[in-house]
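Enquirer: Shown below is the structure under consideration.
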Amino acid sequence: MVRAQLGSSGSFSIYALTPSPLFFQVAFHLGLVIAVAVTLGIGGRPILALHYVFLWSLYMTNSSFMDGGDALVAAAIPFLLLTRCYTNFTLNGLRVTRSGHARPAGALISALNNTGVLLIAAQLSIVYLMAGLYKVQGRLWQDGTALYYILRVPEFFWPGITPLVFSQGWLLVIGAYGTVLVSIFFPVLVWFRAGRPVAVLSMVGFHIAIGLLMGLTSFALIMIAADTVFVSQHVDGLRLRVRSYARRTSQTFVRLSELIVRGGRVVP
1265 MVRAQLGSSG SFSIYALTPS PLFFQVAFHL GLVIAVAVTL GIGGRPILAL
1315 HYVFLWSLYM TNSSFMDGGD ALVAAAIPFL LLTRCYTNFT LNGLRVTRSG
1365 HARPAGALIS ALNNTGVLLI AAQLSIVYLM AGLYKVQGRL WQDGTALYYI
1415 LRVPEFFWPG ITPLVFSQGW LLVIGAYGTV LVSIFFPVLV WFRAGRPVAV
1465 LSMVGFHIAI GLLMGLTSFA LIMIAADTVF VSQHVDGLRL RVRSYARRTS
1515 QTFVRLSELI VRGGRVVP
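The number in the numbering used here is simply the position in the sequence shown, starting from 1, with 1264 added.
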């Protein structure tokens, strides 16, 4: 069935190479190992490219189980290959930072990185804009009752929490209108530095609600991770402020400990 589906779509999947159950198990667990390596930042772009192949193969094995987050990942990873995504928050980046041998990026690497980031930002902006425009055409979104009826679906019911949300009808109305407005104006807000935190925090809150109330955890986490591309500079600034505050706090504790140990005599 997988081969027939792939033949009609013109796509490919590693899992369609042979019907052997042993081959499936080997390929599936190899894909898991590669995914862990990508998460830890091991292997660089070659491993990330392999991850894309295995992930795409898994998607094509049963594409009916894909959601919007999976589609965004499939579109974003080729762009991610252009970026310097292994520089920070990875084992390789940590190793380079500790060794002190980090090399400045050349003009070509910087251009490719900026192009990749721009393509991811453009893809995400298109996703939010189109989602908002489709929503605004629906009657339930127009009258502010869309979230109410979505949460009435039995699969999304959370005992003890969903009824509490239902009791706050005004919150559902504000949530529905706010979702549409932020989605449509997201590309405009992220165009300005001051508007990016507002847009990103709004969508992060929206996706946290989706993950908790609708159980779409993977979709929510993927979208939140993608949103952070717009606030990388804000995150870097926050990291520097936190590091500076931690340094000052540490120095204060050191001075206090010296005062206590030396009987209150200040050491110059």
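Heads up, the beta-carbon is just placed ideally off N, CA and C, and yes, glycines get one too.
Give the single residue among 1399, 1347 and 1393 whose Cα lies nearest to the Cα of residue 1378.
Expert: Looking up residue 1378 in the sequence shown gives position 114. Checked all of 1399, 1347 and 1393; the closest Cα to residue 1378 is 1347.
Enquirer: Rounded to a whole number of angstroms, what is the C-alpha to C-alpha distance between residue 1449 and residue 1393?
Expert: For the purposes of this step, residue 1449 is taken as the residue at position 185 of the sequence shown. For the purposes of this step, residue 1393 is taken as the residue at position 129 of the sequence shown. The alpha-carbon atoms of residue 1449 and residue 1393 are separated by roughly 7 Å.
Enquirer: Do you know how far the Cα of residue 1415 is from the Cα of residue 1426?
Expert: Position 162 of the sequence shown, counting from 1, holds the residue named residue 1426. Position 151 of the sequence shown, counting from 1, holds the residue named residue 1415. Answer to the nearest angstrom: the Cα atoms are 7 Å apart.
Enquirer: Could you please give the first and the last residue of the uninterrupted alpha helix (DSSP H) stretch that includes residue 1457?
Expert: Here residue 1457 refers to the residue found at position 193 when the sequence shown is read from its first residue. From DSSP, residue 1457 is part of no alpha helix (DSSP H); its letter is neither H nor E.
Enquirer: Have a look at residue 1281 and residue 1317 and give me their C-alpha separation to the nearest angstrom.
Expert: By one-based count along the sequence shown, residue 1281 stands at place 17. By one-based count along the sequence shown, residue 1317 stands at place 53. One C-alpha to the other measures close to 13 Å.
Enquirer: Any idea what DSSP makes of residue 1470, helix, strand or coil?
Expert: Numbered from 1 along the sequence shown, position 206 holds the residue referred to as residue 1470. DSSP places residue 1470 in helix when its eight states are reduced to three.
Enquirer: Counting Cβ pairs, one atom from each stretch, are 3 or more of them under 8 Å apart for the region 1485-1498 and the region 1510-1522?
Expert: Too few Cβ pairs lie closer than 8 Å, so no.
Enquirer: Using a threshold of 8 Å, state whether the C-beta atoms of residue 1480 and residue 1474 are closer than that.
Expert: On the sequence shown, residue 1480 is found 216 positions in, with the first residue counted as 1. On the sequence shown, residue 1474 is found 210 positions in, with the first residue counted as 1. Their beta carbons are under 8 Å apart, which means residue 1480 touches residue 1474 by this criterion.
Enquirer: Under 8 Å by Cβ, that's how I've got residue 1277 and residue 1324 pegged, so tell me the actual separation to the nearest angstrom.
Expert: Indexing the sequence shown from 1 puts residue 1277 at position 13. Indexing the sequence shown from 1 puts residue 1324 at position 60. Right, their Cβ atoms sit about 4 Å apart.
Enquirer: Note down, in chain order, each residue of its chain lying with its Cβ closer than 6 Å to the Cβ of residue 1400, except the 5 sequence neighbours on either side.
Expert: On the sequence shown, residue 1400 is found 136 positions in, with the first residue counted as 1. Contacts found: 1444.
Enquirer: Drop a sphere of 10 angstroms on the beta-carbon of residue 1423, count the other beta-carbons inside from all chains shown, and report buried for 16 or more, exposed for fewer.
Expert: Taking the first residue of the sequence shown as position 1, residue 1423 is located at position 159. So residue 1423 counts as exposed.
Enquirer: In chain order, what residues of the same chain have a beta carbon less than 6 Å from the beta carbon of residue 1463, not counting five sequence neighbours either side?
Expert: Taking the first residue of the sequence shown as position 1, residue 1463 is located at position 199. Scanning its chain for C-beta atoms nearer than 6 Å, with the 5 sequence neighbours on each side dropped, one finds around residue 1463 the residues 1450, 1453 and 1454, in chain order.
Enquirer: Pull up the distance between the alpha-carbon of residue 1465 and that of residue 1490, whole angstroms please.
Expert: What you label residue 1465 is simply residue 201 of the sequence shown in a count that begins at 1. What you label residue 1490 is simply residue 226 of the sequence shown in a count that begins at 1. Using only the alpha carbons, I get a separation of about 12 Å.
Enquirer: Quick one: is residue 1436 buried, meaning 16 or more other Cβ sit within 10 Å of its Cβ, or exposed?
Expert: As a first step, residue 1436 is located in the sequence shown; it is residue number 172 there, counting from the start. Buried.
Enquirer: How is residue 1509 classed by DSSP in three states: helix, strand or coil?
Expert: The sequence position of residue 1509 within the sequence shown is 245, counting from 1. The answer is helix: DSSP assigns residue 1509 an H, G or I state.
Enquirer: According to the neighbour-count rule (16 or more other Cβ atoms, all chains shown, within 10 Å of its Cβ), is residue 1341 buried or exposed?
Expert: One-based indexing of the sequence shown puts residue 1341 at position 77. Buried, because 16 or more other Cβ atoms sit within 10 Å of the Cβ of residue 1341.
Enquirer: Using 10 angstroms around the beta-carbon of residue 1291, count the other beta-carbons present and answer buried if the total reaches 16, otherwise exposed.
Expert: Counting from one through the sequence shown, the residue named residue 1291 turns up at place 27. Buried, since its Cβ has 16 or more Cβ neighbours within 10 Å.
Enquirer: Quick one: what does DSSP say residue 1478 is sitting in, helix, strand or coil?
Expert: Within the sequence shown, numbered from 1, the residue matching residue 1478 stands at position 214. Collapsing the DSSP output to three states places residue 1478 in coil.
Enquirer: Is it the case that the CB of residue 1313 approaches a heavy atom of the ligand HEM more closely than 7 Å?
Expert: Of ligands this structure carries none, so the ligand HEM is not represented either.
Enquirer: Just how far apart, CA to CA, sit residue 1304 and residue 1311?
Expert: Within the sequence shown, the letter at position 40 stands for residue 1304. Within the sequence shown, the letter at position 47 stands for residue 1311. If you take the alpha carbons of residue 1304 and residue 1311, they lie about 11 Å apart.
Enquirer: Looking at C-alpha atoms only, which residue of 1321, 1420 and 1430 is the closest neighbour of residue 1476?
Expert: Position 212 of the sequence shown holds residue 1476. Checked all of 1321, 1420 and 1430; the closest Cα to residue 1476 is 1420.
Enquirer: So is residue 1279 buried or exposed if we call it buried at 16+ other beta carbons inside 10 Å?
Expert: The sequence position of residue 1279 within the sequence shown is 15, counting from 1. Around the Cβ of residue 1279, a 10 Å sphere holds 16 or more other Cβ atoms; the residue is buried.
Enquirer: Determine the direct distance from the alpha carbon of residue 1520 to that of residue 1493, and round the result to whole angstroms.
Expert: Start at 1 with the first residue of the sequence shown, and residue 1493 comes out as number 229. Start at 1 with the first residue of the sequence shown, and residue 1520 comes out as number 256. The alpha-carbon atoms of residue 1493 and residue 1520 are separated by roughly 41 Å.
Enquirer: Give me the Cα-Cα distance between residue 1403 and residue 1509, rounded to the nearest whole angstrom.
Expert: Looking up residue 1403 in the sequence shown gives position 139. Looking up residue 1509 in the sequence shown gives position 245. When rounded, the distance between both Cα atoms is 50 Å.
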